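Participant: Take this structure, written in structure tokens, and hold onto it; I'll ask about it next.
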Amino acid sequence: MLRNFMKRPEAGAFAAFVITYLFFALATPGTGFVSVNGTAGWLNLAAELGIVAIPVGLLMISGEFDLSIGSTVGASSMILALGTNQYGLPIWPMVFLALAAGAAIGLANGLAVVKTKLPSFIVTLATNFIVIGATMGISRLIANVTSSSIVASDSAKFVFAARWGQANISILWWLLVAFIGYRILSRSIFGNWIYATGGNLDAARGAGVPVQRVKISLFIATGLAAALVGILQGVQWNSGNATYGMGFVFQAPIVVVIGGVLLTGGYGSVTGIVLGTALFGVISSGIFYTGWNTDWIQLFLGLLLAAAVLANNYVRRLALSSK
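Throughout the sequence shown, residue numbering follows the numbering used here, covering 63 to 385 in sequence.
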């Protein structure tokens with residue numbers, strides 16, 4: 063049973079999560095880290111990153127990257143801010159416009175990658191700069207600001223910013239996205255197509271897998287997820303900002319790799335991605351409870367990333383050796 067578990071993509075992330083959680087639980091006695099509010103704290107940190115990380119992970123399993131998610135988060139929050147504050151429009155039409163903008167950015171990335179055959183790393187990095195530059199430039203032209211308040215209705219506040227104690231509704235959105243991602247990857251033909259596209263592109267194409275449609279669909283999904291996070295942040299914080307989400311540009315791929323997804327594609331699981339994201343939340347919150355300088359977060363993530371890459375390659379070799 064242990065050997066079979068070790069073949070799972072999420073095995074390393076599960077072990078790292080348990081060890082890290084126990085470390086901070088023992089290192090911070092009486093501080094509230096293991097309390098309900100402490101748990102809600104690290105779940106809140108993990109939730110917004112997790113919403114973006116799951117579609118990014120599916121995209122990486124298909125063999126591609128998306129580094130434009132950070133600018134998409136900021137752009138969607140500014141769409142809400144400019145629409146509701148500067149033009150006095152109702153928030154719900156602006157929510158759908160922000161989601162449509164995120165989908166359009168993803169569609170543009172997908173088309174650019176499959177038509178030009180350029181590396182998605184370069185294409186989406188360029189898109190990241192284009193989108194954030196356009197967001198800041200248009201915001202300056204319209205309102206001479208790069209951040210602005212958001213006027214949200216009660217219904218929008220409930221859907222995107224409700225709280226129960228210290229727990230944000232973004233946790234429920236994260237679980238919903240995780241459930242959808244799991245069903246797609248593990249319980250659908252499209253999930254098989256994702257694995258095939260990332261595992262061997264030529265063989266997948268020869269077997270009739272619509273590889274271009276798979277990649278474009280996944281790019282659209284990452285754009286939608288990033289826009290959703292921008293909406294959640296904007297309504298929760300009552301403001302839009304063009305720079306929201308820039309930390310996600312590299313945090314999302316990091317937690318995806320920690321969660322067991324190979325950089326070469328074709329291997330990974332949604333469960334692993336969720337565990338990798340939860341691990342990020344535990345580290346970020348746990349260091350706060352220890353009283354250490356938060357700069358140590360980067361050290362922990364760097365060490366985990368290096369360990370995850372080595373562990374993932376070992377797990378993959380172990381799995382292949384048994385076939």
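Backbone N, C-alpha and C fix where the C-beta goes; we use that ideal spot for every residue, glycine too.
Quick caveat: nothing in here was measured; it's all calculated off a predicted structure.
1) Do Val291 and Val114 have their C-beta atoms closer together than 7 Å?
2) Does Ala229 come out as helix, strand or coil in the three-state DSSP assignment?
3) Name the DSSP bridge partner or partners of Asn254?
4) Does the region 174-186 come within contact of the region 138-145, defined as at least 3 CB pairs closer than 8 Å?
5) Would you kindly work out how many angstroms separate the C-alpha atoms of Ser20 and Trp104, rounded to a whole number?
6) I'd like to know whether the C-beta atoms of Thr189 and Gly285 end up nearer to each other than 7 Å.
7) Is Ala360 buried or exposed, if buried means 16 or more other CB atoms sit within 10 Å of its CB?
8) Work out the CA separation of Tyr244 and Thr208 for me, nearest whole Å.
9) Are Ala353 and Gly338 close, meaning C-beta to C-beta below 7 Å?
10) Are the region 332-349 and the region 71-85 touching by the rule of at least three beta carbon pairs closer than 8 Å?
11) Tell me which residues share the same chain as Ser232 and place their Cβ nearer than 6 Å to its Cβ, disregarding the 5 neighbours each side in the sequence.
12) Relative to the C-alpha of Ser124, which residue among Phe86, Gln274 and Phe158 is closest?
13) At 4 residues or longer, and completely inside the region 264-347: list those alpha helix (DSSP H) runs for me, N to C.
14) Once DSSP output is grouped into helix, strand and coil, what is the label at Ser248?
15) Considering only DSSP beta bridges, list what Ser209 is partnered with.
16) With a threshold of 6 Å on Cβ separation, who are the neighbours of Met308 within its own chain once the five nearest residues in sequence on each side are excluded?
17) Once you ignore the five residues that flank Ser215 on each side, which residues in its own chain have a CB closer than 8 Å to its CB?
18) Near Ala287, which residues of its chain fall below 6 Å by C-beta distance, leaving aside the five closest residues on each side in sequence?
19) I need the straight-line Cα distance from Leu161 to Ser138, nearest angstrom please.
Facilitator: Checking against the coordinates, here is how it stands:
1) Here residue 291 corresponds to residue number 229 of the sequence shown, with the count starting at 1. Here residue 114 corresponds to residue number 52 of the sequence shown, with the count starting at 1. Yes, these two residues count as a Cβ contact at 7 Å.
2) Counted from its first residue, the sequence shown places residue 229 at position 167. In the structure shown, Ala229 sits in a strand (DSSP, three-state: E or B).
3) One-based indexing of the sequence shown puts residue 254 at position 192. For Asn254, which the question treats as bridged, DSSP gives no partner whatsoever.
4) no
5) No answer is possible for residue 20: it lies beyond the span of the chain, which begins at 63 and ends at 385.
6) The sequence position of residue 189 within the sequence shown is 127, counting from 1. The sequence position of residue 285 within the sequence shown is 223, counting from 1. No, the Cβ-Cβ distance between Thr189 and Gly285 is not below 7 Å.
7) Walking along the sequence shown from the start, residue 360 turns up at place 298. Checking the sequence shown, residue 360 turns out to be Gln, not Ala. Flag for Gln360 reads exposed.
8) What you label residue 208 is simply residue 146 of the sequence shown in a count that begins at 1. What you label residue 244 is simply residue 182 of the sequence shown in a count that begins at 1. Their Cα atoms are separated by approximately 37 Å.
9) If you number the sequence shown from 1, residue 353 lands on position 291. If you number the sequence shown from 1, residue 338 lands on position 276. Here residue 353 is Gly; the residue named in the question, Ala, does not match the sequence. No. Outside cutoff.
10) yes
11) The sequence position of residue 232 within the sequence shown is 170, counting from 1. Excluding sequence neighbours, Ser232 sits near Ala109, Glu110 and Leu294.
12) Locating residue 124 in the sequence shown gives position 62, where the first residue counts as 1. With distances taken between Cα atoms, Ser124 lies closest to Gln274.
13) 273-299 and 310-320
14) Translated into the one-based positions of the sequence shown, residue 248 becomes position 186. Three-state result, Ser248: helix.
15) Within the sequence shown, the letter at position 147 stands for residue 209. Ser209 is bridged to Asn303.
16) On the sequence shown, residue 308 is found 246 positions in, with the first residue counted as 1. Excluding residues within five positions, the ones whose Cβ falls inside 6 Å are Gly132.
17) As a position in the sequence shown, residue 215 is number 153, starting the count at 1. Here the set comprises Pro152, Ile153 and Trp154.
18) In the sequence shown, the residue the question calls residue 287 occupies position 225. The residues are Ile113, Val114 and Pro117.
19) The residue labelled residue 161 in the question sits at position 99 within the sequence shown. The residue labelled residue 138 in the question sits at position 76 within the sequence shown. Each residue's alpha carbon lies about 7 Å from the other.
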